[in-house]
């Protein structure tokens with residue numbers, strides 16, 4: 266290798282190293298030796314687990330969630346996220362999606378986003394993740410105002426298509442090898458409480474129940490976000506291996522309990538995270554949509570660039 270070629274290689278290596286260090290810092294990982302984006306693995310193997318770094322403990326340790334089924338060593342296969350207005354629910358889901366898409370290739374993980382809020386802006390929140398190669402957003406192509414019946418029908422058809430396709434591809438695979446065969450699908454329902462209307466409550470509840478009870482053998486996972494612990498969420502709870510409650514775990518947040526101060530000093534993103542094999546732990550979720558979405562958009566651009574054929 267001549268000096269020019271060596272110099273170019275050293276420059277490229279330094280650029281890659283800087284990118285990895287920056288990404289590790291974004292997800293709170295202390296070292297790239299414990300986490301790397303999927304495009305930085307020299308000999309990538311099919312993942313047996315799907316941990317995703319989402320935040321930090323009060324002591325600064327990284328927090329990860331693994332959507333793989335608990336009997337296979339993960340925290341899943343399903344989860345629930347609860348929190349009031351402005352508690353950071355959608356941002357927590359955004360962090361989870363970005364972390365999964367940065368860690369696993371498009372043929373390893375796919376994510377179907379169902380946004381319960383028909384008025385969610387197309388360039389913010391979960392809608393901004395539509396550019397990721399692993400992500401599909403249900404209903405993004407429906408005309409506004411979105412009709413409840415059309416939205417539900419689209420969701421039912423999409424899930425049924427997934428079930429049929431996965432049954433065909435996994436039927437001949439030995440059950441022990443199915444978790445590492447083909448892609449896993451994470452269905453995320455944001456603002457589920459907005460879907461529980463007088464007209465559609467039973468239909469949506471039935472759809473979620475079918476995903477939970479029939480989806481796991483097909484490598485399908487469900488994550489539901491809601492403001493309220495509705496009967497549908499209570500029905501799902503026994504099947505949810507990880508549970509996230511957004512809201513302050515800081516005792517000083519009660520300083521203005523009488524409500525005389527209209528400004529909120531509580532930082533969004535504070536949460537308690539519980540799994541079946543661990544006590545609830547305090548966590549502060551990352552905030553990739555801050556600063557006008559700069560970090561989020563940069564991550565999306567990098568993932569897209571590395572996913573190009």
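Residue numbers (the working numbering): 266 to 574. Think of the CB as a built atom: it goes at the ideal place given N, C-alpha and C, for glycine as much as any other residue. For clarity, every value in this text was computed on a predicted model and none was experimentally measured.
Please report how far the alpha carbon of residue i lies from the alpha carbon of residue j, in whole angstroms.
i, j, result
"residue 315", "residue 283", "25 Å"
"residue 328", "residue 338", "16 Å"
"residue 586", "residue 303", "With the chain running from 266 to 574 in the structure shown, residue 586 is simply not present."
"residue 260", "residue 548", "Past the edges of the chain, shown from 266 to 574, lies residue 260, and the structure says nothing about it."
"residue 340", "residue 469", "24 Å"
"residue 286", "residue 466", "46 Å"
"residue 478", "residue 461", "20 Å"
"residue 539", "residue 413", "33 Å"
"residue 557", "residue 454", "24 Å"
"residue 368", "residue 301", "7 Å"
"residue 566", "residue 379", "22 Å"
"residue 323", "residue 349", "21 Å"
"residue 312", "residue 306", "12 Å"
"residue 537", "residue 346", "10 Å"
Residue i lies in the alpha helix (DSSP H); which residues open and close that run?
i, result
"residue 415", "413 to 435"
"residue 357", "354 to 368"
"residue 400", "First-last for residue 400: 400 to 403, but that is the beta strand (DSSP E), not the alpha helix (DSSP H)."
"residue 565", "555 to 572"
Ignore the nearest five residues each way along the sequence and tell me which others in residue i's own chain have a CB closer than 7 Å to its CB.
i, result
"residue 472", "420, 421 and 424"
"residue 363", "553, 561 and 564"
When burial is assigned at 16 or more other CB atoms within 10 Å of the CB, is residue i buried or exposed?
i, result
"residue 234", "Outside the shown range of the chain (266 to 574) lies residue 234, about which nothing can therefore be said."
"residue 331", "buried"
"residue 568", "buried"
"residue 573", "exposed"
"residue 456", "buried"
"residue 319", "buried"
"residue 400", "buried"
"residue 511", "buried"
"residue 326", "exposed"
"residue 356", "buried"
"residue 570", "exposed"
Please go through the same chain and pick out, in chain order, the residues whose beta-carbon is closer than 8 Å to the beta-carbon of residue i, but skip the five residues on each side of it.
i, result
"residue 438", "446"
"residue 334", "341, 342, 444, 481 and 506"
"residue 458", "381, 491, 492, 493 and 495"
What distance in whole Å lies between the Cβ atoms of residue j and residue i, which are believed to be in contact at a cut-off of 8 Å?
i, j, result
"residue 377", "residue 403", "6 Å"
"residue 365", "residue 317", "5 Å"
"residue 390", "residue 534", "Contact flag wrong, Cβ pair sits at about 14 Å."
What is the residue span of the beta strand (DSSP E) that residue i lies within?
i, result
"residue 378", "374 to 380"
Short of 6 Å in beta carbon distance, which residues of its chain neighbour residue i, apart from the five on each side in sequence? Order them along the chain.
i, result
"residue 555", "none"
"residue 484", "449"
"residue 398", "371 and 572"
"residue 435", "443"
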